[in-house]
Structures are given as C-alpha cells and as structure tokens.
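Single-structure report; data block below.
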Amino acid sequence: MSKGRFSSILKLSVLSAVLAFTSNVSADPVKAAFVYIGPTGDHGWTYAHDEGVKYAKEKLGDDVIVTTIENVAENSDSERVITSLARKNDIVFTTSFGYMNPTIKVAKRYPDVKFEHATGYMLEDNVSVYSARFYEGRHVIGKIAGRMTESNVIGYIASFPIPEVIRGINSAFLAAKSVNPDVQIKVVWVYSWYDPGKEADAANALIAQGADVLMQHTDSTAAMTVAEEKGVHAFGQASNMREWGPNAQLTGIINDWGPYYADRIAAVRDGTWTSSDTFAGVQQGMVKFAPMNNNMPTEVKNEAMQAIIDLSMGAIHPFTGPINKQDGSPWLAEGETPPNFPDLLTMDFYVEGIDSQYPN
Amino acid sequence: MMIVGALLGFIVQFHTGNPFLAVFAALLGGMAISSIFAFLTQFLLTNQVATGLALTLFGLGFSAFAGRGYTEETIVLIKAIHIPVLSDIPFIGPLVFSMNPLVYLAFLMVYLVWWFLFKTKQGLILRSIGDNHDAAHAIGHNVVRYRFMAILFGGAMAGVGGAFLSLVQVPIWGEDMTAGRGWIALGLVVFASWQPFRIILGAILFGGITVLQLHAQGFDIRISAQYLSMLPYLATIIILVSLRIRLKNKTNRTVPNCLGRIFHSTS
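Chain order of the listed sequences is A and B.
Numbering-wise, the first sequence is residues 10 to 369 according to this note's numbering.
Numbering-wise, the second sequence is residues 5 to 271 according to this note's numbering.
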C-alpha cells in the first residue's frame with residue numbers, strides 16, 4: 010500500500026513537473042519588471058531604458074508581461090518598490106546605480122527571482138549586473154569637443170560623483186586632450202539626475218565661464234536647449250536630442266538596451282538565465298551615436314567616424330597608458346589598459362591634467 | 005500649483021505662440037488648483053497642511069499625466085527685454101535693465117501686494133482676519149470670502165512662478181520639472197517674516213546661492229556645494245530664532261495669529 014501511494018506521488022510529481030515544464034515554455038509569459046529613476050519622458054536615461062523595454066516587448070510578444078515603475082527615488086523607497094515587484098515577477102531590472110544595495114538586499118530574500126542591476130558591480134547567484142561602456146561614447150565626443158572648442162574650455166554638467174560619471178569625465182578629457190593639448194574641462198555637479206531648471210542654470214554658468222562645448226551626464230534636454238539658444242555646441246545624452254538643439258547637437262551618445270533586455274528575458278523564459286556580468290560598448294552595439302551634424306568640418310567628422318570604427322573593432326581602448334592620476338601618481342603604464350574590476354567599475358579619481366577638484 | 009502652471013503655460017505657448025496667453029493660462033492653472041484647496045479648507049474645514057500636501061501630490065501626478073504628449077516638444081522662450089539706452093550702461097545696464105518681463109512682473113507684484121496689504125481697506129481687513137478671524141467675523145467681515153480670494157491669488161502667482169521654468173528657463177516640459185522648488189516659497193515667507201519687501205531680499209538670496217554654487221564650482225572654489233545649498237535654510241532658522249527673541253521683548257505682529265487655523269463661523 011505504501012508502495013502504491015509512493016508511486017502515485019511519484020506519478021503526480023512527474024505529471025506536475027511535466028505540466029510545469031510545458032507551461033513554462035508555452036503558456037506562462039515571463040513577468041519582467043523595470044524600476045526607473047526618472048520619468049520616461051526625460052528623453053535621456055530613463056527614456057532610453059524605456060525604448061529598450063519597448064523593443065523587448067515587441068520582440069518577445071506574448072512571452073513577456075512588463076511592469077514599469079517610474080520616478081523611484083534612490084532611498085528607502087526603492088527597496089520597498091523592488092520588494093513589491095520581486096513578489097510578483099520572475100525578473101526585476103533596476104536601472105540606476107543607487108539601487109545597488111537595495112537590489113542585493115531584496116535579492117537575498119527572494120532567491121528564486123532573477124535581478125538585473127544596471128551600472129553596479131555587486132553580483133549574486135540571482136543578481137546580474139549590466140552596464141554600457143559609455144566612456145567609449147565619451148571618447149568619441151571628447152575628440153569632437155577637443156577639435157570644435159575655440160575657447161579651449163569644455164563644460165561638463167555632472168550628476169553625482171559615482172564611477173560611471175567619473176569614467177565619462179576622464180575619458181572625454183583624455184580624448185579631447187589627445188587632439189588639443191591646451192584643452193581644459195570645467196565640471197559642475199548638480200547633484201541630481203533630473204532637474205531641468207538646475208541643469209539649465211549649470212549650462213548657463215559654464216557658458217558664462219567660457220565653455221563653448223557642453224557635455225552632460227544628467228538626464229534632461231535642458232542643457233541642449235540652452236546650448237542652442239546661446240549658440241554653443243553640445244552632445245545628446247542617452248538619446249538623440251537633435252530636436253532640442255538642431256544646431257547645437259554635434260552628435261549624441263545613444264544607449265541601446267533593447268537587445269540585451271530581449272535576450273535576458275528570453276533566457277528566463279528558456280530557463281537558461283545565469284548570473285552574469287555584462288559590460289558592453291560600441292562593439293556590441295549597446296553604445297550608439299546620433300547622426301553627426303553637418304555643421305562640423307569634414308575632418309572632425311571623419312576623425313570621429315574613425316574612432317567609432319576603431320572602437321567597434323576593439324582596436325582602441327579610451328584608457329590606454331601611460332596615464333597618471335590627478336595627483337601625479339601612476340595609474341596605467343605605457344600601452345596598458347585597465348581591467349573592468351576594480352579600475353573601471355570603481356573609478357574614484359580624476360586623471361592627470363584635469364584642473365577641477367575631485368568632489369568629496 | 006507651480007507644476008500645473010508650468011504645464012499649462014507650456015501647452016498654450018506651444019499651440020498659440022502667444023506669451024501673454026501662455027502666462028495667463030499658467031495663472032489660471034495655478035488658480036484652478038488653489039481653488040480646490042480653498043474649497044476643501046474653507047468650506048469643508050479640512051486640515052490645511054494635509055490638504056496642501058495632498059494637492060501637491062495631485063498636481064504632480066495630474067500634470068505628469070496631462071503633459072504626457074508634450075515631452076517631445078519644444079517652444080519659443082520668452083525673451084529678456086533690453087530697455088534701450090539704459091541697458092547699455094556698463095554693469096548696471098545688463099543687471100537691472102535687461103531682464104525677463106516675468107522678473108519685472110515679480111518685482112511689480114511685490115509692490116502691489118505691499119500696497120494692497122498695507123495701504124487699502126481690504127488689505128487691512130485681510131490682515132485682521134489673519135490675526136483674529138473670530139473678531140473679524142464678529143464685526144461683520146466675510147472671513148471665508150476673503151480667505152478664498154487670497155488663496156486664489158496665491159495660486160495664480162504660484163502658477164506664473166511655474167511658468168517661469170517652462171517659458172523662460174528651459175523651453176521644454178518635463179514631469180516633476182519644478183523639483184520641489186515650490187517648498188522654498190514657504191521658507192521665503194518665514195524668512196521675510198510676512199513683510200512683502202523682505203521677500204525680494206530672501207528670493208535673491210535663495211536663488212542667488214543656488215546659482216552661485218554652480219558658478220563657484222566652475223571657478224573651482226573649494227566650498228562644498230552641499231554647504232552652500234544649506235545657507236538659505238540656515239539663514240531662515242536664524243531669522244526664526246531672532247524673531248522669537250524679539251517677540252519676547254515686545255508685542256510684535258510678525259506672524260499672523262490665526263496661521264493654519266480653521267475658521268468655522270458657528271464656533
């Protein structure tokens with residue numbers, strides 16, 4: 010009798026396993042959730058993620074159900090939001106650096122849910138990290154800025170002093186310096202990812218102090234509109250901002266998350282998802298560029314195109330030694346390139362030649 | 005109220021290109037939101053602080069929803085006026101005589117508010133209602149009507165303030181683009197200890213420091229941005245403390261006695 014019962018339990022469990030398997034493949038769509046730092050209408054960072062989500066939805070069709078939550082502050086709110094999403098989803102994407110600790114915390118409590126944290130560096134069995142090598146994009150616009158500036162001052166509107174932002178400043182400066190030894194970079198920190206008024210004030214302050222090419226690592230189109238009005242140049246950030254600066258925008262760095270999102274959600278569907286560390290750039294198509302503005306001299310355009318080609322073939326690295334740190338101590342030896350971890354992913358210093366003081 | 009003003013100003017400017025209509029729309033928008041506040045607090049006697057908070061959240065959500073179609077658009081900004089001859093005076097010219105019309109409007113409004121509050125009969129009544137609504141009611145003034153109008157006026161001004169962001173500072177509309185600036189208005193009123201002209205001083209100080217710290221960074225002056233942004237609030241606290249001390253010594257009518265209190269005529 011006990012044998013009979015055992016076999017029936019066995020049969021049942023096999024049946025349920027088969028059921029679970031088939032439902033996994035065909036019936037049950039993957040539930041994916043995305044946490045955004047800003048509004049999708051910022052036409053910058055969050056907009057780019059949302060475009061990626063749209064792409065994934067289109068590609069996967071009925072296989073995925075997506076939930077997105079906008080404007081989630083990087084404080085205790087985010088942990089609450091991530092927790093509530095973890096309860097109802099198979100995979101949760103947290104798309105800002107500041108979500109790192111909450112993501113890890115929640116991931117430990119929900120070991121069966123997959124997490125994907127953007128731009129961070131902490132991995133778990135159920136937490137992947139992914140980031141784009143934006144600094145490769147900064148390399149290209151740095152070269153253009155170095156050529157285009159007449160005042161030799163590049164203005165940089167920065168958000169928070171985190172590794173990703175620091176990498177961008179260093180990369181842009183090194184590239185600009187390589188084509189224009191006299192170039193300087195002025196950095197203004199606005200301590201916000203999204204505050205159009207303040208971003209515009211920062212742009213005005215930089216222009217008043219002589220900057221004639223602006224770069225930004227904030228999410229709105231405000232600085233681009235100021236650049237257009239004041240007749241200086243700027244670069245689109247995270248998406249094509251041509252519409253806000255038809256004359257001002259020389260090109261723009263575009264973040265293309267779509268294929269990555271589609272792949273990762275498909276991996277959950279197929280049961281092949283494993284924790285991974287993705288750091289993709291121009292080569293993998295995660296970093297793209299807006300069309301070059303025709304108001305640039307052909308040589309400058311060609312040089313930028315060449316840099317993009319070199320990056321896409323992996324022929325150059327924006328951080329190639331010799332490079333010293335700002336205090337003069339050596340960082341990379343002749344011909345050396347930095348490893349992803351810790352050098353790139355935890356970067357917390359300016360390179361030699363930047364005048365601005367490193368924020369504390 | 006500010007964010008709704010910013011949105012409505014933007015929408016009207018986008019469709020009509022007429023800055024007067026745009027500012028007027030922002031004014032009406034701020035008024036509309038404040039009329040909800042006025043109705044709730046004056047007729048339904050709800051708690052003013054809680055109602056204010058709820059309306060702020062409502063305004064942010066509503067404007068984000070209503071403005072969804074406009075995040076892709078851009079408009080023509082309201083340009084600064086360069087007063088001929090005067091604006092050519094070195095230093096003072098660009099500083100005083102070539103500002104944005106909305107800035108001049110702000111100065112004018114401060115004067116008008118002062119004139120209304122301290123030089124007209126209605127202003128006197130409004131102030132007396134603020135100090136003792138029961139007494140004002142007892143001598144026959146319509147407390148609720150005065151307060152309703154005052155709230156509408158405040159809403160209108162907040163709406164125009166919001167329009168400054170989307171019509172003067174940046175030609176874009178973005179959800180939550182006020183980024184909490186409206187709260188500074190509360191700090192300003194305390195800072196100015198309810199005196200209209202001190203508002204100008206406070207506003208210049210608050211705004212000036214915000215911009216100054218960005219410039220200071222560009223010049224690489226070694227003051228942490230966070231310390232500088234703290235300064236206006238620190239000043240407000242100091243002023244509050246000194247007000248208290250002065251109040252102890254003599255009767256000083258700086259803070260309206262009925263601030264935040266609910267008026268109910270039968271009580």
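Just so you know, even glycine gets a beta-carbon here, dropped at the ideal spot from N, CA and C.
Here the structure is a predicted model, which means the values were calculated and not measured.
With DSSP as the reference, please indicate the residues paired to residue i in a beta bridge.
{"i": "A:Y139", "result": "A:A127, A:T287"}
{"i": "A:T77", "result": "A:F43"}
{"i": "A:L223", "result": "A:G164, A:A243"}
{"i": "A:K310", "result": "Bridge partners of A:K310: none, in fact."}
{"i": "A:K297", "result": "A:I263"}
{"i": "A:T103", "result": "A:V44, A:H126"}
{"i": "A:E237", "result": "DSSP lists no partner for A:E237."}
{"i": "A:E133", "result": "A:V136"}
Identify which residue in the options has its Cα closest to the Cα of residue i.
{"i": "A:E208", "options": "A:M356, A:F169, A:T260, A:S321", "result": "A:F169"}
{"i": "A:E1", "options": "A:K114, A:R118, A:Y119, A:Y139", "result": "Residue 1 of chain A lies beyond the residue range present for chain A, which begins at 10 and ends at 369; the question has no answer from this structure."}
{"i": "A:M295", "options": "A:A141, A:R147, A:T287", "result": "A:A141"}
{"i": "A:N264", "options": "A:W253, A:A275, A:N249, A:P120", "result": "A:N249"}
{"i": "A:T260", "options": "A:A214, A:E238, A:K310", "result": "A:K310"}
{"i": "A:D272", "options": "A:D51, A:G50, A:Y56, A:K66", "result": "A:K66"}
{"i": "A:G129", "options": "A:D71, A:P327, A:P120, A:T112", "result": "A:T112"}
{"i": "A:P306", "options": "A:P172, A:Q315, A:M157, A:T227", "result": "A:M157"}
{"i": "B:L81", "options": "B:Q217, B:V16, B:I133", "result": "B:V16"}
{"i": "A:H58", "options": "A:F43, A:V149, A:S365, A:F358", "result": "A:F43"}
{"i": "B:G144", "options": "B:G9, B:S269, B:L11, B:F18", "result": "B:S269"}
{"i": "B:A154", "options": "B:F120, B:F24, B:F28, B:S197", "result": "B:F120"}
{"i": "A:V39", "options": "A:Y359, A:I274, A:V291, A:N302", "result": "A:I274"}
{"i": "A:T49", "options": "B:A140, B:A162, B:E76", "result": "B:E76"}
{"i": "A:V75", "options": "A:R118, A:K63, A:L215", "result": "A:K63"}
{"i": "B:L247", "options": "B:F195, B:G222, B:V215, B:C262", "result": "B:F195"}
{"i": "A:Q258", "options": "A:A116, A:Y144, A:H242, A:G267", "result": "A:H242"}
{"i": "A:K239", "options": "A:A247, A:N84, A:D221, A:R251", "result": "A:D221"}
{"i": "B:L59", "options": "B:W187, B:F41, B:A84", "result": "B:F41"}
{"i": "A:G155", "options": "A:V122, A:F143, A:V197, A:V192", "result": "A:V192"}
{"i": "A:P255", "options": "A:A184, A:V188, A:A236, A:V122", "result": "A:A236"}
{"i": "A:I332", "options": "A:E60, A:A316, A:E361, A:N110", "result": "A:E361"}
{"i": "A:W266", "options": "A:K195, A:G61, A:G47", "result": "A:G61"}
{"i": "A:N349", "options": "A:A41, A:T287, A:V115, A:K117", "result": "A:T287"}
{"i": "A:E145", "options": "A:L223, A:H52, A:L353, A:F358", "result": "A:L353"}
Does DSSP classify residue i as helix, strand or coil?
{"i": "A:L259", "result": "strand"}
{"i": "A:E345", "result": "coil"}
{"i": "A:Q246", "result": "strand"}
{"i": "A:P339", "result": "strand"}
{"i": "A:V277", "result": "helix"}
{"i": "A:V192", "result": "coil"}
{"i": "A:S201", "result": "coil"}
{"i": "A:N333", "result": "strand"}
{"i": "A:V360", "result": "strand"}
{"i": "A:E159", "result": "coil"}
{"i": "A:S229", "result": "coil"}
{"i": "A:G146", "result": "helix"}
{"i": "B:W118", "result": "helix"}
{"i": "B:F101", "result": "coil"}
{"i": "A:W282", "result": "coil"}
{"i": "B:S38", "result": "helix"}
{"i": "B:L263", "result": "coil"}
{"i": "B:F28", "result": "helix"}
{"i": "B:I213", "result": "helix"}
{"i": "A:P327", "result": "coil"}
{"i": "B:Q126", "result": "helix"}
Quick one: measure Cβ to Cβ for residue i and residue j, integer angstroms, because I've assumed they're closer than 8 Å.
{"i": "B:S233", "j": "B:I213", "result": "7 Å"}
{"i": "B:G165", "j": "B:M35", "result": "That pair is no contact at about 13 Å."}
{"i": "A:H326", "j": "A:T346", "result": "4 Å"}
{"i": "A:S201", "j": "B:A30", "result": "With 8 Å as the limit, A:S201 and B:A30 do not qualify as a contact, their Cβ atoms being about 24 Å apart."}
{"i": "A:Q225", "j": "A:I166", "result": "4 Å"}
{"i": "B:P260", "j": "B:W198", "result": "7 Å"}
{"i": "B:V174", "j": "A:A214", "result": "The pair is not a contact, with the Cβ atoms about 14 Å apart (cut-off 8 Å)."}
{"i": "A:V199", "j": "A:A211", "result": "5 Å"}
{"i": "A:V277", "j": "A:I317", "result": "The Cβ separation is near 33 Å, so there is no contact."}
{"i": "A:N161", "j": "A:V122", "result": "About 51 Å separates the two Cβ atoms, so there is no contact after all."}
{"i": "A:P172", "j": "A:D336", "result": "Contact doesn't hold; Cβ gap of about 18 Å is too wide."}
Return no unless some Cβ of chain D is closer than 8 Å to the Cβ of residue i.
{"i": "B:P175", "result": "Of the chains in the structure shown, none is chain D; the protein chains are A and B."}
Mind pulling the alpha helix (DSSP H) runs of 4 or more residues that sit fully within the stretch 61-98 of chain B? Taking 4 residues as the shortest admissible run, the stretch 61-98 of chain B contains no complete alpha helix (DSSP H) segment at all.
Which runs of the beta strand (DSSP E), 3 residues or longer, sit entirely within the stretch 137-191 of chain B? Correct list: empty.
Uninterrupted alpha helix (DSSP H) stretches inside the stretch 47-100 of chain A (no shorter than 4 residues): Taking only runs of at least 4 residues, the alpha helix (DSSP H) segments lying wholly in the stretch 47-100 of chain A are 54-69, 85-97.
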